[in-house]
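Chains as they are written, first to last, in the UniProt record's numbering: chain A, 1 to 262; chain B, 1 to 262.
Right under this line is the structure:
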């Protein structure tokens with residue numbers, strides 16, 4: 001078995017679930033740190049800033065600094081800078097503090113009426129007026145970018161509407177489909193490697209979701225570890241065309257597997 | 001040419017556009033009335049009550065009483081009574097006064113938490129909390145009914161999000177597609193004929209929209225008159241599989257055509 005120098009770690013369903021740490025996750029991240037591996041937390045959740053995510057991780061007991069966190073909002077701001085260079089200086093953003101902060105810190109101007117791009121992330125204050133502004137801007141030629149396409153969000157209340165459903169409303173009203181930046185698209189993985197300064201062949205993507213985490217690794221040409229502590233089941237993997245490089249029931253198994261292969 | 005005893009009249013783009021009456025429309029409806037034809041106004045707009053629609057029509061100069069107006073909200077309440085008899089007594093409704101009034105007058109109980117059906121019409125106060133309640137109820141087994149599937153609404157501000165886009169958000173978040181009642185589905189036409197007491201073969205559907213008005217007539221087995229004063233162009237008709245029975249540039253032409261065929 002290969003030894004991986006760099007790890008990209010999904011959060012929800014991989015390291016914690018709701019308010020509880022997933023058994024083995026703390027030991028796993030401590031093992032990464034103690035063995036001198038590089039690692040980055042990467043999440044489709046666009047609502048929080050890296051500071052807020054790092055604080056939450058530290059409260060669970062994980063070692064985490066803001067620059068070890070890549071959110072889909074950070075990746076989206078980066079994407080806009082890189083891909084739309086010179087064409088998108090102003091944005092109309094629908095989203096929460098994580099997205100607004102990322103866009104502001106990346107130097108974008110906010111313009112509700114004539115933006116170069118409409119950027120949409122999960123927004124628990126989403127309402128018709130915002131949808132209307134987004135639609136008018138897109139019909140007026142603004143690009144349409146979504147932080148991530150997650151259709152539903154697992155919460156303690158049940159599965160709630162995710163950003164993919166907000167974007168679906170705007171796409172239906174305009175006839176224009178968004179470009180998504182988060183997993184399973186390759187962009188966020190690409191920016192994460194860049195941040196770590198690691199090569200695809202020495203990096204492992206770790207996550208619980210076959211359709212987002214594992215697919216993002218697969219399209220990015222990076223090996224993947226699927227852990228069955230979150231949304232995907234072994235039955236779903238067996239029935240899918242998407243194949244993780246490795247599968248474990250929990251992250252302690254990975255430490256054992258790695259040690260046994262030496 | 002056949003003589004039609006009953007007419008179903010679309011509103012926006014057919015009789016008026018924004019705040020202006022479409023030339024020929026007043027003469028046309030007066031001609032229907034004076035020649036003893038039966039007619040009913042029928043609109044996908046779920047936001048107003050029949051009283052409000054009739055009042056608006058009278059302000060334009062059209063003869064109109066509330067019982068001459070069939071909205072998609074009235075049709076939706078009827079649909080729920082008929083098709084879901086005994087199974088749907090409570091509803092969670094997202095919509096404006098037209099929908100809420102229609103459901104209340106049809107005897108439905110409003111229940112946000114455990115409704116038998118989620119009913120969605122255009123709602124300029126649509127927001128995340130409403131979407132969330134709809135999604136939880138549908139995931140809990142409630143049926144999902146949309147008054148109409150119009151994706152965008154032509155307004156003086158431009159094309160704004162229509163009810164089809166609100167429903168798309170909920171459909172994406174739940175994985176459940178709505179049943180739509182308004183045009184181009186056949187239900188509203190069916191209820192309109194029932195209200196007029198007229199037979200399909202003696203009835204003509206008049207509208208400006210090939211994809212909704214004309215398609216609704218076509219699937220209902222009713223002859224159709226497409227008038228080119230609204231959204232559809234002759235080029236679009238030529239390129240479409242949907243065929244209106246008749247086409248005119250304005251409604252005065254129809255009066256002449258009818259007179260000439262006698």
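Glycine included, C-beta positions come from ideal geometry on N, C-alpha and C.
- Residue 73 (chain B) carries a helical assignment under DSSP once its states are collapsed to helix, strand and coil.
- In the structure shown, residue 187 (chain B) falls within a helical segment according to DSSP collapsed to helix, strand and coil.
- A Cβ-Cβ distance of about 7 angstroms is found for the pair residue 123 (chain B) and residue 166 (chain B), placing them in contact under the 8 angstroms criterion.
- The beta carbon of residue 78 (chain A) lies closer than 6 angstroms to those of 191 in the same chain, with the five residues before and after it left out.
- Nearest to residue 114 (chain B) by C-alpha distance, out of B:63, B:89 and B:46, is B:89.
- In the DSSP annotation of this structure, the continuous segment of the beta strand (DSSP E) that includes residue 203 (chain B) starts and ends at 203-207.
- Counting only Cβ-Cβ distances below 7 angstroms, residue 168 (chain A) has contacts in chain B at 168, 169 and 172, in chain order.
- A distance below 8 angstroms separates the beta carbons of residue 120 (chain B) and residue 134 (chain B).
- Look at residue 20 (chain A) here: in three-state DSSP terms it is strand.
- Along the region 212-254 of chain A, the beta strand (DSSP E) occurs as fully enclosed runs of 3 or more residues at 223-227 and 246-248, listed in sequence order.
- The straight-line gap separating the alpha-carbon atoms of residue 139 (chain B) and residue 229 (chain A) is approximately 23 angstroms.
- By the Cβ criterion, the region 185-203 of chain B is not in contact with the region 169-176 of chain A, since fewer than three pairs of Cβ atoms, one from each stretch, lie closer than 8 angstroms.
- In its chain, beyond the 5 residues on either side, 50, 51 and 54 have a beta carbon closer than 6 angstroms to the beta carbon of residue 66 (chain A).
- Contact annotation: residue 181 (chain B) and residue 147 (chain B) have beta-carbon atoms nearer than 8 angstroms.
- Excluding residues up to 5 positions away in sequence, 40, 42 and 192 lie with their Cβ nearer than 6 angstroms to the Cβ of residue 70 (chain B) in the same chain.
- Ranked by how close their Cα comes to the Cα of residue 208 (chain B), the residues B:217, B:201 and B:99 have B:217 in first place.
- Beyond the five residues adjoining it in sequence on each side, residue 249 (chain B) comes within less than 6 angstroms, by CB distance, of 228 in the same chain, given in chain order.
- By the Cβ neighbour-count rule, residue 239 (chain A) is exposed, with fewer than 16 other Cβ atoms within 10 Å of its own.
- Linking residue 44 (chain A) to residue 12 (chain A) through their CA atoms gives a straight-line distance of about 10 angstroms.
- Flagged as an interface residue toward chain A: residue 152 (chain B), by a C-beta distance shorter than 8 angstroms.
- Comparing C-alpha distances from residue 173 (chain A) to each of B:211, B:151 and B:220 shows the shortest one belongs to B:151.
- From the beta-carbon of residue 92 (chain B), no residue of chain A is found nearer than 7 angstroms; the closest lies around 15 angstroms away.
- With a 10 Å radius around the Cβ and a threshold of 16 neighbouring Cβ atoms, residue 161 (chain B) comes out buried.
- Of all residues in the region 124-135 of chain B, those with a C-beta nearer than 7 angstroms to a C-beta of chain A are 124, 125, 126, 127, 128, 131, 132 and 135, reading in chain order.
- When Cβ-Cβ separations below 8 angstroms define contact, residue 165 (chain B) makes contact with chain A.
- Shown here for residue 29 (chain B): same chain residues with a beta carbon closer than 6 angstroms to its own, the five before and five after excluded, namely 62 in chain order.
- Relative to residue 246 (chain B), the option among B:183, B:210 and B:103 whose CA is nearest is B:210.
- Non-local beta-carbon contacts of residue 118 (chain A) in its own chain, meaning distances under 6 angstroms to residues more than five positions away in sequence, involve 92, 134, 137, 138, 142 and 144 in chain order.
- Here residue 200 (chain A) carries a helix assignment [DSSP, helix/strand/coil].
- Its Cα nearest to that of residue 215 (chain A), the residue A:186 stands out among A:186, A:9, A:176 and A:125.
- A check of alpha carbon separations from residue 15 (chain A) across A:219, A:258, A:108 and A:251 identifies A:251 as the nearest.
- Judged by beta-carbon spacing, residue 26 (chain A) lies beyond the 8 angstroms limit of residue 7 (chain A), meaning their Cβ atoms are not closer than that value.
- By the C-beta density criterion, residue 75 (chain B) is buried, having at least 16 other C-beta atoms within 10 angstroms.
- In this structure residue 213 (chain B) touches residue 183 (chain B) by the C-beta definition: roughly 6 angstroms separates them, less than 8 angstroms.
- Around the Cβ of residue 130 (chain A), a 10 Å sphere holds 16 or more other Cβ atoms; the residue is buried.
- The Cβ of residue 26 (chain A) sits no closer than 8 angstroms to any Cβ of chain B.
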